[in-house]
Every structure is written in C-alpha cells, then in structure tokens.
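I have placed the structure first, in the form of structure tokens, so that the comments after it can refer back to it.
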Amino acid sequence: MDTLSIRSLVCNAAAVFSESYGAATRRAEEAGCSRQTVYEHARRVERRLQPPAPEPESAATAAPAVAATFDEATRRRFAATACAMGISLRQVEDLLRVVLGDDGPDHSTIGRWVKEESARAAAVLEALDAGCVERISTLALDEIFFGGGRPWWGSSP
Amino acid sequence: MTAAFCVNAADHSAATWEKRLEPFDRLEFAVSDAAKGIAAAVSRTAAAHAATAPPLTHGLDLFHTTMEAHRVLARLWRKAETPWDRADELEAQAVDLRRRGIDSRGRNPAVAAARRRATAAFEDVERQEAAWRRIRAAFDLFGPDGRLNDRAWAEAEIAAALPELSGPEWRKVRDFLADRRGLNFLDRMHRRLEAAEPDPRRRDAMAWRWWGRHGRPDAPADPRIAPIRAVAWRRPLEGDERASYDRVAAVLRDTSRASSAVECMDSVLRMQQSRHRRMTQSMLDLKRLYWNCRPFRSGPRKAACPYQALGLPLPTFDFWELLRSDPDRLTQTLSAQANAL
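Those protein sequence lines, which keep their order, are chains U and R.
Count the first sequence with my numbering and you get residues 358 to 514, in order.
Count the second sequence with my numbering and you get residues 944 to 1284, in order.
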C-alpha cells in the first residue's frame, strides 16, 4: 500500500533520472525514506510511462481457428466458386490442402459438391432468365466450338 | 453485359438459334458475326415478331472486322521488315569493306536499290494502315468534327479508303465491309435519337454536347473556340434541356457496335477449355450464374454486377446466396416486380 503522495513518488523518480551525483541520497533524506525506496519509486514511474506491450494474437486470427471455421459449407462454396472461375477439380483439391492439410477433401468429393451446386444453378437460372427476358432489347450472339457439342451464347451488352 | 443464355447444343442451325431467340419478344437489335445460322434465325424471329414487337434489326459484329484487319496489318508489317533487314545487311557489308580500306563503290547501287525497295514496302503498308484507320473512324458514333455519324458519311469514307485495301489478303475485310448489316447500328441510333428528341437542332446540339463530354475531341485550331466549347459542354442544364440531354445521352450510351460482351464470355470458356476435358451444361450454368453476379472491377459499371446493370430486382446479388435461394421464391419476387412496373 502506498503511503507517499504521487508528488513524492514523482520527485523521487526525478532524482534518480537526473543522474546527478548524490541526488538520490539527498532526496531520500528529504523524503524520510531509504535510497532503496527512491530507486523503487523510479522503477514504478518508468513502468507506468512505458507504452503498453502489444496484445498477443487472439485465438480468432490464429491459423488453427481459421481451419476450424473452414467448415463443409465454406469448403463447398470455395469449390463451387473456384470451378465457376475456371479452376480444375485437381487444382481446387491442391488449394484446399494448402489450408486444410490432410483434412482437405479429395477431388471426387469436390466433383460431387460442384455437380450438386451446378444443378442448383440451373434451377436458379431458370427463374432469373424469365426476369431477364423482358429487360433485354439488345443481344450479342456467338457460338464457340468445344469438340462434341457447340455451346452458344446470347449476351446482353 | 448479362449472359442471357448459354446452351451446349448438338448443332448451330438456324432452327436451333430461332428456338433460343423465341422468348426475347422485346428484342430490337441482335449483333453477331457472319454466321449464316444466326443470320437466318434473326431474320425469321424478326418476321415472327413483326406484328407484336418492336422491329428487330441484325447488325454485323465489327469486332471481327477489326480483328481481321489487325491480323492482316500485322502480317504486312512483318513482310515489310524483310527488305528493310536486307538493306541494312547490304549497307553493313559496304561499311565493313570501307573500314578495311577496300573500295566498295561498286556495291552502292545495290545498297541504294535495296533501300528504295525497303522504303517503298514501308510506305505501302503505311498507306494501307492509314486507309484502315479511315475505315475504322467510319465506325465511330461521331465524325471527327463532332457531328453524328450516319450511314451516308460512313459509306462514303469506306468507299474512299477501300481502293487502298485491294490486295488478296484484304478479301475477308472487304467482304465484311460490303455487308450492309455492318452499319445497321448507325441507322438504329438515328431512329432512337429521333424518338428521344424530335427537334433536330436540339438533338444535334445535345449529341454534340455528349461528344464533348465523353468523346476525345481534338483541341480546336482557333484558340477562341476553346471557351465557347467549354461553356457549351460544361454549362449545367436545367428543365427541358436537362431532360432532352439525358434522353439523348441514354441512346448514345446504349448504342452497341460489337459483341465485346460475348467475346469476354468466350475468353472465360476458353480458360475452362484449357483445363477441363469436357464442358457440361451444368458447368456452363454454374459459370453463367457466377459471372452474372460478379461485380465489374472498373469502367462505367464499376462495383455493379451484370444482373444489377440489367436492373434485375433481386434480394441479393451475391453468387453463393443466390445459389442457395429458393427458385420459386425468386420467380415470385421477379413476377411481383414485373407486375408493379
């Protein structure tokens, strides 16, 4: 428990930090305490004035926590988005294993997810296309050869 | 820029195309390359919709004309470099002989002749490139003076420049240019502008203002013109003038000459083609939904996705959320919005 005022504490510390010869001794005599106490007060003041140490990384940003939030829904989303962008199943498998290690799904699982999401896309597009038709007054048409079949395009500029 | 449909079809016949175009009863303009199946389908659809829908016009995609012209020019430039390299080589040999103290005057005529051939080859390609640039300028919405381009002016410019592109390598470009559908976008633009602003003087003035604000006009030769232009182009408009300008600007913004949108999608599919053995219909659907929900990173539509740009009133434009949403509920939402309009 502190028995000295803040003013005495700061004065004691100032005497130590001034580094002039005999200052700590003179100050101890004036304050009626030992030289050891004067030095202790200087350390306390110094600790108080130092900037706070950086907080340790929270558990939320640590790598294991990221892996923990990479649940199956997120993995599905990652796989479907990557395949929609044009990345192959094997590449998606490799990328997921970078994050998840051996816990990552294999390409057959990813292929099944993508197939399921693609089926959903077809149903959603059926609804959206009906809404688009009445808004389209200009169409750019093109065909592109992929081997067996010929996908062809209509795009509203 | 919305991918409206994408089908892995067994053929590309007119009947197949016609079936896909059938639902688009508000279609006014279709732009494509010179594919005969598409042309026939557009023609049949236009005839079928004639009684109930706005007239449908078919425009030739200028992207392919431009690409073909660039390909020819690149080949011509490569060809023109050969005599230039030969002239350099002969000249270097002559210089080397002189350096060694050997009389090289006998080689001078050969060097001069090679240089003449090289210069002639360069000038020939330059002439052809200038002719192509003149033709390319005829595809713009405005002439160099800021007046609205029209079919008469564009055809005159093309006819004036075409004799320079007489070589066999230009045959394909000449065929494209001879197709009247190439300038159909200009006819349509004028029709829509007349509907947007019936007063011809005001229409031209508003179009000129748009050209000044959105085109890249050259600095005027007479410096006194600059402040006049600044006032005409930057002065805030109010009331009728403002409304007239907005209508004219909407038409000019929405005038399409090339199917660059569909070429963007082609590049996405080719990326897929390089990594996958097959392209299934379900994969095409997934890609179409993803790219229709992906916001543009730059340009006038920055931060909006194609569905937003089209004005589709969706509860979300997020690809994943849309994929998880109930199709029946989406249909109801879109139907309710359509009825409210």
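Every residue, glycine too, gets a C-beta built ideally from N, C-alpha and C.
Helix, strand or coil at residue i according to DSSP, with G and I counted as helix
| i | result |
| --- | --- |
| residue 954 of chain R | coil |
| residue 1000 of chain R | strand |
| residue 949 of chain R | strand |
| residue 1180 of chain R | coil |
| residue 427 of chain U | coil |
| residue 891 of chain R | In the structure as shown, chain R starts at 944 and stops at 1284, and residue 891 of chain R therefore has no counterpart that could be examined. |
| residue 495 of chain U | strand |
| residue 1128 of chain R | helix |
| residue 1140 of chain R | coil |
| residue 1119 of chain R | helix |
| residue 1239 of chain R | strand |
| residue 1253 of chain R | helix |
| residue 500 of chain U | strand |
| residue 944 of chain R | coil |
| residue 374 of chain U | helix |
| residue 1091 of chain R | strand |
| residue 1065 of chain R | helix |
| residue 1006 of chain R | helix |
| residue 1262 of chain R | helix |
| residue 435 of chain U | helix |
| residue 983 of chain R | helix |
Buried versus exposed, by CB contacts within 10 Å (16 or more), residue i
| i | result |
| --- | --- |
| residue 1128 of chain R | buried |
| residue 398 of chain U | buried |
| residue 1165 of chain R | exposed |
| residue 1003 of chain R | buried |
| residue 446 of chain U | buried |
| residue 1109 of chain R | exposed |
| residue 980 of chain R | buried |
| residue 420 of chain U | Caution is warranted here: a pLDDT of 47 is assigned to residue 420 of chain U, below 50, making its placement in the model unreliable, and the coordinate value is therefore given only provisionally. Exposed is the call here. |
| residue 1259 of chain R | exposed |
| residue 418 of chain U | Unreliable positioning characterises residue 418 of chain U in this predicted model, as indicated by a pLDDT of 44, which lies under 50. The coordinate reading is nonetheless provided below. Burial call: exposed. |
| residue 1266 of chain R | buried |
| residue 363 of chain U | exposed |
| residue 1085 of chain R | buried |
| residue 462 of chain U | buried |
| residue 1168 of chain R | exposed |
| residue 406 of chain U | exposed |
| residue 1187 of chain R | buried |
| residue 391 of chain U | exposed |
| residue 435 of chain U | buried |
| residue 451 of chain U | exposed |
| residue 476 of chain U | exposed |
Reference residue i; option with closest CA among the options
| i | options | result |
| --- | --- | --- |
| residue 1070 of chain R | R:1049, R:1037, R:1042, R:1107 | R:1107 |
| residue 494 of chain U | R:1117, R:989, R:1278, R:1279 | R:989 |
| residue 950 of chain R | R:1275, R:1277, R:1254, R:1226 | R:1226 |
| residue 431 of chain U | U:498, U:364, U:457, U:366 | U:457 |
| residue 944 of chain R | R:1276, R:1060, R:1187, R:1254 | R:1254 |
| residue 389 of chain U | U:368, U:453, U:490, U:375 | U:368 |
| residue 1081 of chain R | R:1149, R:1102, R:1198, R:955 | R:1102 |
| residue 1055 of chain R | R:1046, R:1190, R:1033 | R:1033 |
| residue 1000 of chain R | R:1022, R:970, R:1075, R:1074 | R:970 |
| residue 1184 of chain R | R:1007, R:1147, R:1279, R:1018 | R:1147 |
C-beta contact flag for residue i and residue j at 8 Å
| i | j | result |
| --- | --- | --- |
| residue 1119 of chain R | residue 1264 of chain R | no |
| residue 1180 of chain R | residue 1153 of chain R | no |
| residue 404 of chain U | residue 395 of chain U | no |
| residue 948 of chain R | residue 486 of chain U | yes |
| residue 1200 of chain R | residue 1005 of chain R | yes |
| residue 496 of chain U | residue 991 of chain R | no |
| residue 1079 of chain R | residue 1057 of chain R | no |
| residue 483 of chain U | residue 437 of chain U | no |
| residue 946 of chain R | residue 1208 of chain R | yes |
| residue 402 of chain U | residue 380 of chain U | no |
| residue 1230 of chain R | residue 1211 of chain R | yes |
| residue 1191 of chain R | residue 1132 of chain R | no |
| residue 499 of chain U | residue 975 of chain R | yes |
| residue 1018 of chain R | residue 1112 of chain R | yes |
| residue 1061 of chain R | residue 1026 of chain R | yes |
| residue 1249 of chain R | residue 1280 of chain R | no |
7 Å Cβ cut-off: residues of chain B touching residue i
| i | result |
| --- | --- |
| residue 1214 of chain R | Reference to chain B is not applicable here, since the protein chains of this structure are U and R. |
Inset, instruction - Answer yes if the stretch 1169–1178 of chain R comes into contact with the stretch 455–474 of chain U, meaning at least three C-beta pairs across the two stretches below 8 Å, and no otherwise. - result: no
Legend entry - the stretch 1089–1105 of chain R touching the stretch 1125–1142 of chain R, judged by at least three CB pairs closer than 8 Å: yes
Inset, instruction - Kindly confirm or deny that the stretch 1234–1248 of chain R and the stretch 1213–1225 of chain R touch, where touching means at least three C-beta pairs closer than 8 Å. - result: Flag = no, the stretch 1234–1248 of chain R and the stretch 1213–1225 of chain R do not touch.
Inset, instruction - Indicate whether the contact test is met: 3 or more Cβ pairs, each with one atom in the stretch 992–1008 of chain R and one in the stretch 1138–1145 of chain R, closer than 8 Å. - result: no
Inset, instruction - Examine the Cβ distances between the stretch 1154–1173 of chain R and the stretch 1076–1090 of chain R and report whether three or more of them are shorter than 8 Å. - result: Enough Cβ pairs lie closer than 8 Å, so yes.
Inset, instruction - Pair every Cβ in the stretch 441–454 of chain U with every Cβ in the stretch 1220–1239 of chain R, then say whether three or more of these pairs are closer than 8 Å. - result: yes
Inset, instruction - Report yes or no: do the stretch 976–985 of chain R and the stretch 1252–1271 of chain R share at least 3 C-beta pairs separated by less than 8 Å? - result: no
Inset, instruction - Count the C-beta pairs between the stretch 1051–1058 of chain R and the stretch 1023–1040 of chain R that are closer than 8 Å, then say yes if the count reaches three, no if not. - result: By the criterion of at least three beta-carbon pairs nearer than 8 Å, the stretch 1051–1058 of chain R is in contact with the stretch 1023–1040 of chain R.
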